[in-house]
Structures are given as C-alpha cells and as structure tokens.
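Asks: Quick note: our numbering has the sequence shown finishing at residue 311, numbered continuously throughout. Ideal Cβ placement from N, Cα and C applies to all residues, glycine included. Note that the structure is a prediction, hence the values are computed from the model and not measured. Here it is, the structure, as structure tokens.
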Amino acid sequence: MTDMLSLPDHDWPVLQPGWVWLCGAGPGDPGLLTLHAVNALRQADVVIYDALVQEAILAWAPQAEHIYAGKRGGKPSAKQRDISLRLVDLARAGKRVLRLKGGDPFVFGRGGEEAQTLVQHGIRVRIIPGISAGIGGLAYAGIPVTHRDVNQSVTFVTGHDQSGNTPGSLDWASISKGSQVIVIYMGMKHIAQIAGHLIAAGRSLSEPCAVVTTATTPDQRVLETTLGTIVDDIAASGMEPPAIICVGASVLMRQVLDWQGMMAGEAPRNLDPLGRGLPAESA
29 MTDMLSLPDH
39 DWPVLQPGWV
49 WLCGAGPGDP
59 GLLTLHAVNA
69 LRQADVVIYD
79 ALVQEAILAW
89 APQAEHIYAG
99 KRGGKPSAKQ
109 RDISLRLVDL
119 ARAGKRVLRL
129 KGGDPFVFGR
139 GGEEAQTLVQ
149 HGIRVRIIPG
159 ISAGIGGLAY
169 AGIPVTHRDV
179 NQSVTFVTGH
189 DQSGNTPGSL
199 DWASISKGSQ
209 VIVIYMGMKH
219 IAQIAGHLIA
229 AGRSLSEPCA
239 VVTTATTPDQ
249 RVLETTLGTI
259 VDDIAASGME
269 PPAIICVGAS
279 VLMRQVLDWQ
289 GMMAGEAPRN
299 LDPLGRGLPA
309 ESA
C-alpha cells in the first residue's frame, strides 16, 4: 500500500543532509499523517521515533535506519539529553534525520527542547506539526473538544511533569473555574489526585468524563464515567496508558456521535444528549 500512494504535484521541501526535521506522527492511525510527514518519511536516512509511533507509519521509510527512542512512564527509557545529542551527532554526520514524535511535537512532546538543542548546536531544523491526541483521539471517540452548546474554552494540561509527579505549577482551582472542558494528557497514573483537585475546586461529582486509551488505533478503548467515579471505574476497567482524559459536558456528545459504533451497526444512544429540545441545525 505504501508504494501505491503518490504525492500530488507540489513544491515539496527537500530534506537535506545535515538537517533534522521534527515531525508529528499524529495520535496513531497512519491515515492521520500529514502529507509533509509522508514526504519526510520517504527522504530520511534515519528515523528516530517515539513509543507511540505505529509500525505501519515506519513502513513509509523502508530506506531509512529506524532508531527507537521511546519514553514510557515506569519503564526503562532513553534520557532526553541523550536523544537530543544523538540527533546532533547524526546531523553532523551528514544524515537526513527525521525525528518522529507521536501527536504534535510541540504539544507535551518536548519537541521545543529538542529543537532548541539542535539550533544551539548549529543544526538546521524544520518543524512539521501533527494532529494532537487531545483533539484527534477524542474525535475518534466521538467527542468534540469544543461544542457551541457546551464550551467556549478548553484547557489542555499534562498529568505529570519531568519528575513523573502531578505538575505542582498547575493552578487547578483556576483551571477548574475558568475552563468548561479540560483535556488531560498522561493523567491516568495520577487521576485520583487530579480528580480530587477538580472536585475541591467546585467541579461536580456527576460531571461527565471520558477516558480514551490507545486512541485512533484498532486497540482504542473508551470509558464513559463521571468525575466522582472515574478512579474506581478506571481500576475496574483494566485500562492502561497511553490515555487522554476529557472532563466536561462535551463527553455527552459521544451518545450521538460515536461514529465508530455506528460503523459497526450500533444505533445512536441519544439524538439529543444535551437536552436542547431542538434540531441541531436550528440554533
């Protein structure tokens, strides 16, 4: 299949020797790659890729050396400085280097750190954005990250910092009060603490929540729950990271927008989950 797809006529950029392109591979489904990503994969001499990059995506670069640089919580992982300096060394060796990161490299992906290191060492870089899991992963679950009847704001937060703990710099009270919908990356390990912060700040125990694991892949699982029961429900489900967690009424839209369920022959559970009482197009 990879040999059958031809890129449309366009002035596609050329990955030159000694350059590093930092590229977002999207949340998992190879079909969510951008054309710039495909173009980069076809030119690279070396692809350094993260844990969440699917094998089917690497298949677009059969000519390249594939180097794993995944970082997964609780498992042996490459140190960030070592990854960044490896990129420098490969570029200085005249390689056409593609740094392939899950989602978008600048959304909780530490792409900014890697790019800064490269520039500080005199290496030329190009940034190729990707679809972030906090948007694309929720869309595959049938959950719109924004919906006119629900929210005029959305906040993206990470569930852990460099130490692996819940970020101490986050003002959970302000986040809770200031954003109707909250999307949490890498938050499953600390969900009890996070849920406690949000409830203490005034969020309702009955507020809808969703947990989406291994988003956009054939192994995707979705748990619909509430803020008051999310900890116990995750434990009972046996779900494991990687996960995106969404807190807010937009989760209810899955009842009408679970398009993957409909593709499997399931009927929508509720055509008006927000109780508007009007056709959607009448607003």
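Give a yes or no on whether 8 Å exceeds the smallest Cβ distance from D286 to chain C.
Replies: The structure shown has no chain C; it contains just one protein chain.
Asks: Less than 8 Å between the beta carbons of T244 and L60, yes or no?
Replies: Cβ distance < 8 Å, so T244 and L60 count as in contact.
Asks: Could you check whether the region 61–70 touches the region 112–120, counting it as contact only if at least three pairs of C-beta atoms, one from each stretch, sit closer than 8 Å?
Replies: Flag = no, the region 61–70 and the region 112–120 do not touch.
Asks: Could I get the ranges of all uninterrupted alpha helix (DSSP H) runs contained in the region 155–230, with 4 residues as the minimum, in chain order?
Replies: You should have 161–168, 200–206, 219–228.
Asks: Here's the rule I'm using: 16 or more other beta-carbon atoms within 10 Å means buried, otherwise exposed. How should E83 be labelled?
Replies: So E83 ends up on the exposed side.
Asks: Going along the chain, which residues of its own chain have a beta-carbon closer than 7 Å to the beta-carbon of I222, five neighbours each way excluded?
Replies: If we look at I222 and ignore the five residues flanking it on each side, its Cβ neighbours are G187, T194, I212, G215.
Asks: Note down the Cα distance separating R325 from E141, rounded to an integer number of angstroms.
Replies: The structure shown does not extend to residue 325, since the chain spans only 29 to 311, so no value can be given for it.
Asks: Using only the alpha-carbon positions, how far apart do P41 and G165 sit?
Replies: In a straight line, the C-alpha of P41 is about 28 Å away from that of G165.
Asks: Assign G256 to one of three DSSP states: helix, strand, or coil.
Replies: Of the three classes helix, strand and coil, the one that applies to G256 here is coil, per DSSP.
Asks: In terms of alpha-carbon separation, which member of A295, I219, I273, V178 lies closest to G303?
Replies: Out of A295, I219, I273, V178, V178 has the C-alpha closest to the C-alpha of G303.
Asks: Where do the N-terminal and C-terminal ends of the beta strand (DSSP E) with I273 fall, by residue?
Replies: Where I273 is concerned, the enclosing beta strand (DSSP E) stretches over 271–275.
Asks: Under 7 Å Cβ to Cβ from I85, same chain only, skipping five residues before and after it: list those, please.
Replies: Cβ within range, chain order: A53, P58, L61.
Asks: Could you name the residues of the same chain whose beta carbon sits closer than 7 Å to that of C237, not counting the 5 residues immediately before and after it, in chain order?
Replies: Cβ within range, chain order: T253, T254, L255, I258, I273, C274, V275, V279.
Asks: Since I95 is in the alpha helix (DSSP H), which residue starts that stretch and which ends it?
Replies: No alpha helix (DSSP H) contains I95, which is instead part of the beta strand (DSSP E) from 93–96.
Asks: Between the Cα of I171 and the Cα atoms of A271, R282, M290, E309, which residue gives the shortest distance?
Replies: Taking only the C-alpha atoms, the option nearest I171 is R282.
Asks: Taking the DSSP output, what are the residues bridged to T241?
Replies: BP columns for T241 point to R249, A271.
Asks: Could you tell me the alpha carbon to alpha carbon distance between H149 and V48, rounded to whole angstroms?
Replies: Distance between the alpha carbons of H149 and V48: 12 Å.
Asks: Can you tell which of A228, H175, Q208 has the C-alpha that lies nearest to the C-alpha of A201?
Replies: The shortest C-alpha separation from A201 is found at A228.
Asks: Let me know if K129 comes out buried or exposed under the rule of 16 or more other beta-carbons within 10 Å of its beta-carbon.
Replies: Label assigned to K129: buried.
Asks: Determine the contact status of I312 and I203, defining contact as a CB-CB distance below 8 Å.
Replies: For residue 312 there is no data in the structure shown, the boundaries of the chain being 29 and 311.
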